[in-house]
Every structure is written in structure tokens, then in C-alpha cells.
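Contents: one structure, followed by commentary.
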Amino acid sequence: MPTPPEPFDVIILGAGGAGLFCAAEAGRRGRRVLVLDHAAAPGEKIRISGGGRCNFTNLHTTPKNFLSENPSFCISALKSFTQHDFIALVNRHGIAWHEKTLGQLFCDGSSQQIIDMLLDECAKAGVTIRLRTKITAVEKSETGFRVETDAGPFACASLVIATGGKSIPKMGATGFGYDIARQFGLPLVEPRPALVPFVFDEKLKSRLEGLAGVAVDATVACGKTRFAEALLFTHKGLSGPAILQISSYWAPGREIIIDLAPGTDVFAFLKEARTAQPKQDVETILSRLLPKRLADRLCALAAVQGRVADLSDLRLRALADAVNRWRIIPAGTEGYRTAEVTAGGVATSALSSKTMEARTIPGLFFIGEVVDVTGHLGGFNFQWAWSSGWAAGRNA
Ligand code: FDA
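In UniProt numbering, the protein residues as written are 1 to 396.
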């Protein structure tokens, strides 16, 4: 006789932010909830997030901070459970926090406090969490779903997929959620790494060699989208918040335009300096705007060097363009190995924006990063995990 499956009302696959938050809410409604995860610890991405302090939400969260094929999809969930609701929960747990910049809220202590808060909420709601559990199959049954695992079979009326995206496979990320969507005939928006550093081709890498570690405030644009934040040169290419943000909008072959001195008309600045200090080297003049190493390299690459008095308007314009309108086509990104998130995922057209339930498969829900809703850098991805988790937790 095969083992009869252990019955639950709700099974949640994935003990990350979205899964744990959903579990606590469903448990509070009196549902018998089981969370399954193959990892050895829950909330591993929360633990490493925000440099160990978890940027758990953003004060200024609006639907504009999210990418999706349907930009309106996130509105309902974000409205139903807001950043202020999450802050209130954090406050109830006595977790001290601070705003770092641009509305980004971090724990004063450590990310572990957010994990402990979620586990405490789950415990109070009677949620069962089973870690180190390999899920081998998911099937639809007459009464709901059957989940086969290496710890035996489980059954449920509602199944919530919260297994995240493919980012950082070393931490246990898998394409499992996408496989389940495919199995049930749900459409996918092709997943791609996002919030990820760019890499250069060998030629550009050698031209910029030695700049690793140089950081500047910059404006970075791809098409009509633009971000003004810090930019960092790395050994392989470019990183820093401005680059991570724009990477979510970039596609292979597309050009990005970087202003390394935003707010300064570098041509006008150089011309003024040519009149005021004609004997100075252009490298020295440019280093008033940019770190010296970067100023020297840009002058060398533009072949605009030496006494500024000897340089024509044309030469100064060429240098100014290299600073204000540096155009590059990245060779690629660092990929899922370092991407903070996966853009794309389960198509929102397949889901109810109010409940996260699949329109064609009653009882099957998708929440968090596995869904084609991707936040900007700055606490928005966790807010999506909480809001979408809450929506499903109210309905699963
Ligand atoms: P998440 O990936 O957190 O959880 C999925 C769970 O499913 C995991 O526990 C995994 O083990 C499990 N799982 C996967 N496949 C499985 C399988 N086949 N079987 C069983 N279990 C499986 N965001 C933000 O807002 N602020 C921040 O500060 C940061 N910082 C940050 C730093 C770094 C380094 C990264 C990589 C990411 C961030 N993020 C972030 C993004 C944020 O971590 C991410 O968007 C959320 O954790 C997504 O939550 P989910 O619960 O959807 O997936």
C-alpha cells in the first residue's frame, strides 16, 4: 500500500521572504499550512541581503518601481499590503531600523531579525516548516494537489509556488517555479538576470584596465530609462547602483549612455578653464570633476592631453562627450551568478492580480520573484515578496 499523503490546507513551496510571509497570513486565517524547502535554512536571501542588514522595504514604493510586461499588475497587491503595513509589523517586533538613502529602510542590527520575525509570525500561526526536503513531483488531484518529496507525499487544497528566480544558484536558486508553470500550461516571460553588473569585451576591458575600484556619481541611460546613482568600475566592467538599476532594462546589443559628471556641462567647464588657467594640463582640470585615475584615462582614450591652451574646441568637445555622453555596448552581464534578481517569470496575464491565483488552475498560486514583477534596487523586491505573499496568504 502506498503511503497516504499527509493532508494540509495550504502547501507553500519555498521558505524565502514571499513563502514565509504568505504562510503566516494563511496560518492566521486558520489554514493548516506546510512550507517545504530544499535548503538547510529558511530565508537565506534575506540573511545576505542589504549587506547583512536587509533593505526590507522602501518608504517611497509605488508601482513605478517595478518592471513587468503588465506594469499595472502589481498595483492591487502593493495597495492591499503596503510598505507602511510592513514597517508597522517590524515596529511591533521591536526591530530598530534606519533610512539609509532614497527611502531605503535597513535593520540597525542584522537581517536575521527579519528572518526571526517571519519565523515567529509563522510559529504563532501554527505553520509547519520542513527544510532539506527535495520536491520530486507536483500533481493535480481531485481535491487539490499532491506534492511528492523525499520525505513522503503531502496533499493540499491550495498550492503556493514561492521558489524565487534563478539568481545565485550557489544559494539553492532553481528554475523550479518556471517548470511548474510550464507543467500547468501557464505562459512565461523569458527569465533573465537583472540588477546585475555589466562585463566588457576584451578590448574595452584593456582600455579601462586599472580603473577597478573607482566610483563616481553618474547618470546612466538605456533608451528612455535613466538612473542617477553611484557607478563603480570593476575588474570585468561596471557595477554600482546606477548600473544594477539600468541592467534590468538592458538587452544584449543595446547601447547605454553614461554621464560621468551629471549636472556639469563639461565642454563649457573646459572652455572656461582654458581661459582662466591656460597653462594647466587638461588632465588636471578634468580631475576637479572626476577621480584623478579616471580623468587621466579618459583624456588618454580621447587623445586629448597636455596644456589646455593648446587644445581646440573640437578636441575639448571630444573629451566633454566622453565624460557627459560616454556610449558603450556592454558585452553582457555577470549573469545569474551575481544577479540580485531574475526579471521575467510567470506571466502576469495568467494570474489574478488580487490573489496571485492562476486563472486556469484554481488553487495554484505564484508569489514573489518567480512572478514577472521585478523591483528596482532599494527594498522594492522584498516589498513585492511581502505584498504578493500577503495577497495569496489571504486567499489560499
Ligand atoms: P527567494 O529566492 O528568497 O526564496 C525562494 C526559496 O525557494 C528559497 O528558500 C529556495 O531555497 C527555495 N527553493 C528554490 N528552488 C527550490 C526547489 N526546487 N525545491 C525546494 N525549494 C526551492 N531585495 C530587497 O528588496 N532588498 C535587499 O536588500 C536585497 N538584497 C539582495 C542581495 C542579494 C545578494 C540578492 C541575491 C538579492 C537581494 N534582494 C534584495 C532580492 C531579494 O532577495 C529577492 O527578491 C527575494 O528574496 C525574493 O523572495 P522570494 O521569496 O520570492 O524568493
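Ideal placement from N, C-alpha and C gives every residue a C-beta, glycine not left out.
Suppose the cutoff is 6 Å on Cβ atoms and the five residues either side in sequence are ignored; what does the same chain contact list for residue i look like?
i: Ile258; result: Ala218, Val220 and Trp326
i: Ala295; result: Glu283, Leu286 and Ser287
i: Met187; result: The sequence as given places Pro at residue 187; Met does not occur at that position. Taken in chain order, the residues that qualify are Ala347 and Ala350.
i: Gly393; result: Cys22, Glu25 and Ala26
i: Gly240; result: Ala230, Leu231 and Leu232
Need the endpoints of the alpha helix (DSSP H) that residue i sits in, please.
i: Gln104; result: Counting along the chain, Gln104 falls outside any alpha helix (DSSP H), though it belongs to the beta strand (DSSP E) covering Gln104 to Cys107.
i: Gly344; result: Careful: Gly344 lies outside any alpha helix (DSSP H), inside the beta strand (DSSP E) at Val341 to Val346.
i: Cys74; result: Unbroken run through Cys74: none, as it is neither H nor E.
i: Arg192; result: Arg192 -> not in any alpha helix (DSSP H); beta strand (DSSP E) instead, spanning Leu188 to Ala194.
i: Gly177; result: Phe176 to Gln183
In the structure shown, what three-state DSSP assignment does residue i receive?
i: Val308; result: helix
i: Thr82; result: coil
i: Lys140; result: strand
i: Ile243; result: helix
i: Phe200; result: coil
i: Ser388; result: helix
i: Glu25; result: helix
i: Leu231; result: strand
i: Gly116; result: A quick correction: the sequence has Asp, not Gly, at residue 116. The answer is helix: DSSP assigns Asp116 an H, G or I state.
i: Asp321; result: helix
i: Glu209; result: coil
i: Cys13; result: The sequence given here has Leu at residue 13, not Cys. The answer is strand: DSSP assigns Leu13 an E or B state.
i: Ile135; result: strand
i: Cys122; result: helix
Leaving out five residues before and five after residue i in sequence, what residues of the same chain have Cβ atoms less than 7 Å from its Cβ?
i: Gln113; result: Ile95 and Cys107
i: Gly253; result: Ile329
i: Gly52; result: Ser110 and Ser111
i: Ile115; result: Pro42, Gly43, Ile46 and Arg47
i: Arg146; result: Pro5, Glu139, Pro153 and Ala155
Should residue i be labelled buried (16 or more other beta-carbon atoms within 10 Å of its own) or exposed?
i: Leu105; result: buried
i: Gly152; result: exposed
i: Ser158; result: buried
i: Ala242; result: buried
i: Asn91; result: exposed
i: Lys279; result: exposed
i: Thr360; result: exposed
i: Ser141; result: exposed
i: Gln83; result: buried
i: Pro191; result: buried
i: Glu340; result: buried
i: Leu290; result: buried
Taking 8 Å as the limit between beta carbons, can you name the residues of its chain near residue i, skipping five residues before and five after?
i: Gly306; result: Asp281 and Val282
i: Ala212; result: Phe233, Thr234 and His235
i: Gly335; result: Pro193 and Val196
i: Gly144; result: Ala155, Cys156, Ala157, Ser158, Leu159 and Gly363
i: Thr3; result: Gly152 and Pro153
i: Tyr249; result: Leu67, Cys222, Gly223 and Thr225
If we cut at 7 Å on Cβ distances, does residue i have a partner in chain B?
i: Ser388; result: Of the chains in the structure shown, none is chain B; there is only one protein chain.
Got a sec, what are the start and stop residues for the beta strand (DSSP E) residue i sits in?
i: Trp97; result: Trp97 to Glu99
i: Ile257; result: Ile256 to Asp259
i: Cys222; result: Ala215 to Cys222
i: Val282; result: Run containing Val282: none in the beta strand (DSSP E); it sits in the alpha helix (DSSP H), Val282 to Leu286.
i: Glu148; result: Phe145 to Thr149
i: Glu272; result: That residue, Glu272, is in no beta strand (DSSP E); its alpha helix (DSSP H) goes Val266 to Ala276.
i: Arg327; result: Trp326 to Ile328
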